[in-house]
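A.B. asks:
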Amino acid sequence: MDNLSISDEASEFSHPSPPSSLDQTDTPATARTGYTSSMMSVDSFAYYRTNSGISESADENACSSNAPSPLRGLARLVSRNPPSLSRLGMKQHQKMVDDKTDNHETSDLEAELMKERFAKLLLGEDMSGGGKGVCTAVSISNAITNLYATVFGQNLRLEPLQQEKRTLWKREMKCLLSVCDYIVEFYTETQNLPNGSPIEVMASRPRADIYINLPALKKLDTMLIEILDSFEETEFWYEEQGNMSISSNKPGSSFRKVVHRNEEKWWVPVPRVPSGGISKASRVDLRHKRDCANQIHKAAMAINTSVLAEIEIPESYMAALPKSGRASVGDTIYRYMYNAEKFSPEQLLDNLKISSEHEALEIADRVEASMYTWRRKACMSHSKSSWNMVKDLMSEDEKSDKNYMLAERADSLLFSLKHRYPGLSQTSLDTCKIQCNRDVGQSILESYSRVLEGLAYNIVAWIEDVLYADTSEKGQ
Numbered sequence: 000m001d002n003l004s005i006s007d008e009a010s011e012f013s014h015p016s017p018p019s020s021l022d023q024t025d026t027p028a029t030a031r032t033g034y035t036s037s038m039m040s041v042d043s044f045a046y047y048r049t050n051s052g053i054s055e056s057a058d059e060n061a062c063s064s065n066a067p068s069p070l071r072g073l074a075r076l077v078s079r080n081p082p083s084l085s086r087l088g089m090k091q092h093q094k095m096v097d098d099k100t101d102n103h104e105t106s107d108l109e110a111e112l113m114k115e116r117f118a119k120l121l122l123g124e125d126m127s128g129g130g131k132g133v134c135t136a137v138s139i140s141n142a143i144t145n146l147y148a149t150v151f152g153q154n155l156r157l158e159p160l161q162q163e164k165r166t167l168w169k170r171e172m173k174c175l176l177s178v179c180d181y182i183v184e185f186y187t188e189t190q191n192l193p194n195g196s197p198i199e200v201m202a203s204r205p206r207a208d209i210y211i212n213l214p215a216l217k218k219l220d221t222m223l224i225e226i227l228d229s230f231e232e233t234e235f236w237y238e239e240q241g242n243m244s245i246s247s248n249k250p251g252s253s254f255r256k257v258v259h260r261n262e263e264k265w266w267v268p269v270p271r272v273p274s275g276g277i278s279k280a281s282r283v284d285l286r287h288k289r290d291c292a293n294q295i296h297k298a299a300m301a302i303n304t305s306v307l308a309e310i311e312i313p314e315s316y317m318a319a320l321p322k323s324g325r326a327s328v329g330d331t332i333y334r335y336m337y338n339a340e341k342f343s344p345e346q347l348l349d350n351l352k353i354s355s356e357h358e359a360l361e362i363a364d365r366v367e368a369s370m371y372t373w374r375r376k377a378c379m380s381h382s383k384s385s386w387n388m389v390k391d392l393m394s395e396d397e398k399s400d401k402n403y404m405l406a407e408r409a410d411s412l413l414f415s416l417k418h419r420y421p422g423l424s425q426t427s428l429d430t431c432k433i434q435c436n437r438d439v440g441q442s443i444l445e446s447y448s449r450v451l452e453g454l455a456y457n458i459v460a461w462i463e464d465v466l467y468a469d470t471s472e473k474g475q
């Protein structure tokens, strides 16, 4: 009987008559709001009125008839099955709250990172706010360099880039490169008025160097990431040099005795190959990827060289040049450059017997300083013009001058030196140009091409290490 009465009451109460306009108007706003936020699940018992409405309806029914109050029926239903009423709704509500919290935390974290980047760019890396920071061009160049060190600095082997670092690289570079969208150059174009008469107006377009080089750099960036992603499953592996002796003594170990290619870089992991070497297909694939990375390296280096050549030479560098080019370059190099009838930079580099990159960089600095000293002496009357323009203006007699000849030979020697040692660090002039540059577009192109050049060079070197390990294993 109790069950029957409860069912009747529930049936009667689950289909209430629509409230009148007076009831809706008299219902307090706070009651309607409180009801909406505590709406139950569809699978649970649903009642779409407020508690105040229930009380008013119960009082009216009690006064008009002797029927049992529907409020008591509702209370019995709720007391009969409280878990089914609250558990599902609470789970769904909690899940929605957790998802919203995670999304808010992620967006807040990204917003804080962007605020930090934006603040550093505006302050010029001077956190005191005293206006003693670097210019915007140098600040963006440093930001790209530091981002590269953060993402790729610890990546010393052929393996896919971690998803977190990949996302960081794409997000930050997209923000830094977006500055180029607003670097434009103005030109005049002709437009026709409604009456047909022509008129010249000023229009804007992307600056030529950015329009040509930036899409190429983005493509090279994508290609390098794809090369790293292709090394997900390989026949070789890596091991730290400090753990090699322990691992080689393990029972059943097939590790070979590694022949170190460069003892100076002791922190670089050593590639290991299985006994008998890697398969032919894997070897062909490695060589193909090495050639692709090498072409990317050459393209990035060409862009970097062209951008650096366009940056104006700082006055501080020109003021610090030696008065004598011979004293700067040294007697040995000077005699060969001056006395040789047919100058061969490759033969000169062979005779120098350079033993380290540090020595090569020192020679590059001295040759470059001597080159600009001889150029300055050769074009004293055109000191404010570029060297290429000066060469066009010079007569044949002036081109036979000793300073002009030495400057041209020094230029070819520096070019051969940089190509023989592609991993060579920047010269003193390059560093001075980067630090004194004020052009934001050139700064972005230079730093972007420089970091891509370094990444491509590293990939080529890592592949060479694996091929060297394979050759050494087969030679045993």
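Per numbering that gives the first Met the number 0, the sequence shown starts with residue 0, numbered consecutively.
Glycine included, every Cβ here is placed at the ideal spot set by N, Cα and C.
1) Is V269 helix, strand or coil when you go by DSSP?
2) Rounding to the nearest angstrom, what Cα-Cα distance links P268 and T144 in this structure?
3) Going by CA-CA distance only, name the one from L466, N194, I462 and V328 that's closest to R408.
4) To the nearest angstrom, how far is the alpha carbon of Y181 from that of P205?
5) Could you tell me if S64 is buried or exposed, where buried requires 16 or more neighbouring beta carbons within 10 angstroms of its beta carbon?
6) Is the Cβ-Cβ distance between L428 and L348 less than 9 Å?
7) What ranges does the beta strand (DSSP E) occupy inside the stretch 266-345, keeping only unbroken runs of at least 3 residues that lie completely in it?
8) Within the same chain, show all residues whose beta-carbon is closer than 7 Å to that of S505, passing over the 5 residues directly before and after it, in chain order.
9) Return helix, strand or coil for F151, following the three-state DSSP convention.
10) Give every residue of the same chain whose Cβ lies closer than 6 Å to the Cβ of Y403, excluding the five residues on either side of it in the sequence, and list them in chain order.
11) Where does L496 land, buried or exposed, given buried means 16+ other C-beta within 10 angstroms?
12) For R365 and D330, what's the separation of their Cα atoms in angstroms?
13) Can you tell me whether D201 is helix, strand or coil according to DSSP?
14) Go through its chain and collect everything with a Cβ distance to R437's Cβ below 7 Å, but skip five positions before and after it.
15) Taking just the CA atoms, how far does A339 sit from L122?
16) Within the same chain, show all residues whose beta-carbon is closer than 6 Å to that of S442, passing over the 5 residues directly before and after it, in chain order.
17) Given that a residue counts as buried once 16 or more other Cβ atoms are within 10 Å of its Cβ, and exposed if not, what is P270?
18) Between L213 and V465, is the Cβ-Cβ spacing less than 9 Å?
19) Which partner residues of T189 appear in the DSSP bridge assignment?
20) What's the gap between the Cα of R79 and the Cα of P159?
21) Do you know offhand how far F342's Cα is from M336's?
22) I need the boundaries of the beta strand (DSSP E) containing Y403, first residue and last residue.
23) So, under 8 Å CB-CB, L320 and A368 are touching, yes? Tell me the CB distance rounded to an integer number of Å.
24) Buried or exposed: where does C62 fall if 16 or more other Cβ atoms within 10 Å of its Cβ makes it buried?
25) Which residues share a DSSP beta bridge with W236?
26) For M113 versus C174, is the C-beta distance shorter than 9 Å?
27) Can you find the residues in the same chain that come closer than 7 Å, C-beta to C-beta, to F295, ignoring five residues on each side of it along the sequence?
28) Note down the Cα distance separating M126 from L120, rounded to an integer number of angstroms.
29) State the CB to CB distance for the pair V272 and F235, rounded to an integer number of angstroms; the pair is presumed to be in contact (CB under 8 Å).
30) Where does V133 sit, in a helix, a strand or coil, going by DSSP?
31) By the DSSP assignment, the alpha helix (DSSP H) with T166 in it spans what residues?
32) Report yes or no: is there a C-beta of chain B within less than 9 Å of the C-beta of G123?
33) Going by DSSP, what residue range makes up the alpha helix (DSSP H) through Q434?
34) Of all the options E225, L444 and P193, which has the alpha carbon lying nearest to the alpha carbon of R165?
35) Does the beta-carbon of A406 have 16 or more other beta-carbons within 10 angstroms, so that it is buried, or is it exposed?
36) Report the partner residues of E184 according to the DSSP bridge assignment.
C.D. replies: Looking at the atomic coordinates:
1) strand
2) 23 Å
3) V328
4) 8 Å
5) Its pLDDT being 44, under 50, S64 is placed unreliably by the model, and the measurement read from it follows with that caveat. Exposed, by the Cβ-count rule.
6) no
7) 269-271
8) Residue 505 lies beyond the residue range present for the chain, which begins at 0 and ends at 475; the question has no answer from this structure.
9) helix
10) A377
11) Only positions 0 to 475 of the chain appear in this structure, which leaves residue 496 out of reach.
12) 12 Å
13) One point to set straight first is that residue 201 is Met, not Asp, in the sequence displayed. Strand, per DSSP.
14) C134 and A136
15) 54 Å
16) A136, I139, S140 and N436
17) buried
18) no
19) E199
20) Residue confidence is low: R79 scores 48 on pLDDT, short of 50, so the model does not pin down where it sits. Its coordinate-derived value is still stated next. For R79 and P159, the distance between alpha carbons rounds to 58 Å.
21) 7 Å
22) No beta strand (DSSP E) holds Y403; the alpha helix (DSSP H) holding it covers K401 to R419.
23) 6 Å
24) For C62, the pLDDT reaches just 42, beneath the cut-off of 50, and the residue's location in the model is therefore unreliable, although a value from the coordinates is still provided. So C62 ends up on the exposed side.
25) R271
26) yes
27) Note on residue identity: the sequence assigns Ile, not Phe, to residue 295. The answer, listed in chain order, is L219, M222, L223 and A455.
28) 10 Å
29) 5 Å
30) coil
31) Q162 to L176
32) In the structure shown, chain B does not exist; there is a single protein chain.
33) S427 to C435
34) E225
35) buried
36) R204
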